[in-house]
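The numbering of the sequence shown is my numbering, which starts it at 166 and goes up by one. Positions of the beta carbon are idealized from the N, C-alpha and C atoms, including for glycine. Shown next, in structure tokens, is the structure this report addresses.
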Amino acid sequence: MLSLIVFLPLAAALALVALPRLGDAPARWAWVAVAALDLALVIVVWAGYEKRAPGGLAFEERAAWIPGVNSSYHLGVDGFSLPLVAMTAVIFLACAVYALRERHRPRAQAALFLFLQSVSLGLFVAADLILFFVFFDLSIVGMYFVIAGWGHGNRGHSAMKFFLYTFLGSLALLVGFIGLYVAAEPHTFDMPALAAAAPLAGRPLAGGLVLAAILVGLAVKTPTVPFHTWLPPAHTDAPAVGSAVLAGVLLKMGTYGFVRIAMPMLPQAWRAWAWVVIVVGVVSVIYGALVALAETNVKRMIAYTSVNHMGYIALAVGAAGLVAADTTQARTVAVTGAVTQMVSHGLITGALFLLVGVLRDRAGSYEMGAYGGLAAAAPAFATLFAVGAFASLGLPAFAGFIAEFQIFAGSVAVAPVTAIALVGILVTAALFLRAVQRVFTGKTRGNSIGFTDLRPSEIWSAGPLLLLSLVIGILPRPLLDVIEPASAAVVGLVGR
166 MLSLIVFLPL AAALALVALP RLGDAPARWA WVAVAALDLA LVIVVWAGYE KRAPGGLAFE
226 ERAAWIPGVN SSYHLGVDGF SLPLVAMTAV IFLACAVYAL RERHRPRAQA ALFLFLQSVS
286 LGLFVAADLI LFFVFFDLSI VGMYFVIAGW GHGNRGHSAM KFFLYTFLGS LALLVGFIGL
346 YVAAEPHTFD MPALAAAAPL AGRPLAGGLV LAAILVGLAV KTPTVPFHTW LPPAHTDAPA
406 VGSAVLAGVL LKMGTYGFVR IAMPMLPQAW RAWAWVVIVV GVVSVIYGAL VALAETNVKR
466 MIAYTSVNHM GYIALAVGAA GLVAADTTQA RTVAVTGAVT QMVSHGLITG ALFLLVGVLR
526 DRAGSYEMGA YGGLAAAAPA FATLFAVGAF ASLGLPAFAG FIAEFQIFAG SVAVAPVTAI
586 ALVGILVTAA LFLRAVQRVF TGKTRGNSIG FTDLRPSEIW SAGPLLLLSL VIGILPRPLL
646 DVIEPASAAV VGLVGR
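As structure tokens, this is what we get:
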């Protein structure tokens, strides 16, 4: 089933490329249909998911691939990967609906995004490091062409900067993977086997160097300070659907790597580096929020809030490495909050980027000063953007509150000094309230005059993402029931 979920979009992409006579409208609707079918298959997997023993995977598939280095085609899902697989399928379907009005090479765009969907899903279900790395690198290639081909502004420079930064990070990641392979006895790239063996335990210098390489590779992708500088221009010049996928899905490949690879496979090194990760997380939270507050460009502002929100995740997983007596439950809560934040941020920020794309589509500008009183001209747009803003700042009843509450409840219990990161929440609230006030309230002026309200495809793309965030915020138990056992398992591995 997992192979079908992963490769169905790729097969559809190849079909679109092979059928040059297919019209634009059929290509757009084919993208929607395939994304919807893939989501339906993910729902079937979720319904049939049963918790496994710690370290176990559900719906496993394995086949020989590169036997010379003991690398196999190995897929499976657990409480970390399944929520991200579902989130990925939802976001790509939302992007397909949003792009129904695309006029610039829609068939090529549909094929490229279906390819991106396949590699994104493949990464989250990969249970072999080489397979993980292949999908990781292919996602970089796919997003490069999205920005360069459908972006605006200085898209060529932004696409190149994105590619060079993230590709360099992937090389560091590969070095770390090779270090794990060499240390394992017998040599293997199998992820469950490496997590069970912790091959560099008892070798602090080697373990620290391998973890450093892996952390650099993942931090560039996440991104955290100081590896974040590629993110604002990439978002600013990417198309709306590109920004939604970049923020909603691709950034999670970095944070997912923390809980899937770095923590369970290098527990001793993770404990040694825990305070470094925490400091990076706190700096990212506060720096991302302050820079976003200074922005006058709405899209760049939201881009910097991604640095802020990814900082919460780094803070939580770092706190999970502070092993001490009677902190197991708190550290489990922190990791559960981190994974919930991955899902929450994907849904909320994905919706916000889709909505911000409407500003450029209608008026060609993201500058706050170019608008005013937009709520009168576009009430539906104002309503959805305000909901997204309040969801992003962590308002209760949304998924962001569930995530951030758990992150701080667990982290502060383990290390009270992490409470300093609460400043980030206050600054985030201020920057979103300021943006809503400047763009949507007051007298209608500037580009707000004659502004066309949301079209059905725009409502039915961003709206369901925000609705799902609301559902998770009110009824979080189905999601947490899946995540919590995996969090407890990884905390146990870190503490061994």
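| query | result |
| --- | --- |
| Distance between V577 and A384 (C-alpha atoms, nearest Å) | 23 Å |
| Where G241 sits in the DSSP three-state scheme | strand |
| Run of the alpha helix (DSSP H) containing W395, from where it starts to where it stops | Neither: W395 is in no alpha helix (DSSP H) and is coded neither H nor E. |
| Beta carbon of L512 nearer than 7 Å to that of S634 | yes |
| Alpha-carbon to alpha-carbon, P650 and Q494 | 12 Å |
| Proximity to A540 [Cα-Cα], best of L487, K417 and A551 | A551 |
| Sufficient close CB pairs (3 or more, under 8 Å) joining the stretch 199 to 213 to the stretch 374 to 382 | no |
| N473 (DSSP reduced to helix, strand or coil) | helix |
| Alpha-carbon to alpha-carbon, A192 and D203 | 16 Å |
| Selection from M430, T609, V444 and I305 that minimises the alpha carbon distance to A292 | M430 |
| The stretch 324 to 343 contacting the stretch 281 to 290, beta-carbon criterion three pairs below 8 Å | no |
| Stretch-stretch touch, CB-based, cutoff 8 Å, three pairs: the stretch 443 to 450 with the stretch 470 to 481 | yes |
| Beta-carbon spacing of I467, L517 below 7 Å | yes |
| Cβ pair count under 8 Å reaching 3, the stretch 520 to 535 against the stretch 590 to 606 | yes |
| Residues sharing a beta bridge with E532, DSSP | N462 |
| Proximity to M252 [Cα-Cα], best of P432, R620 and G413 | G413 |
| Residues of its chain near A489, where Cβ-Cβ distance is below 8 Å and the 5 sequence neighbours each way are ignored | V579 |
| Close-in-space but distant-in-sequence residues of the same chain around G419 (CB under 6 Å, 5 per side omitted) | L383, K386 and T387 |
| Residue(s) in a DSSP beta bridge with I231 | S236 |
| Alpha-carbon to alpha-carbon, A195 and A178 | 10 Å |
| Three or more C-beta pairs below 8 Å linking the stretch 353 to 360 and the stretch 229 to 241 | yes |
| Helix, strand or coil at F224 according to DSSP, with G and I counted as helix | strand |
| Residue nearest to P544 in terms of C-alpha spacing, selected from I585, T497, T514 and G615 | G615 |
| Of the listed residues F172, E226 and G233, nearest to P351 (C-alpha basis) | G233 |
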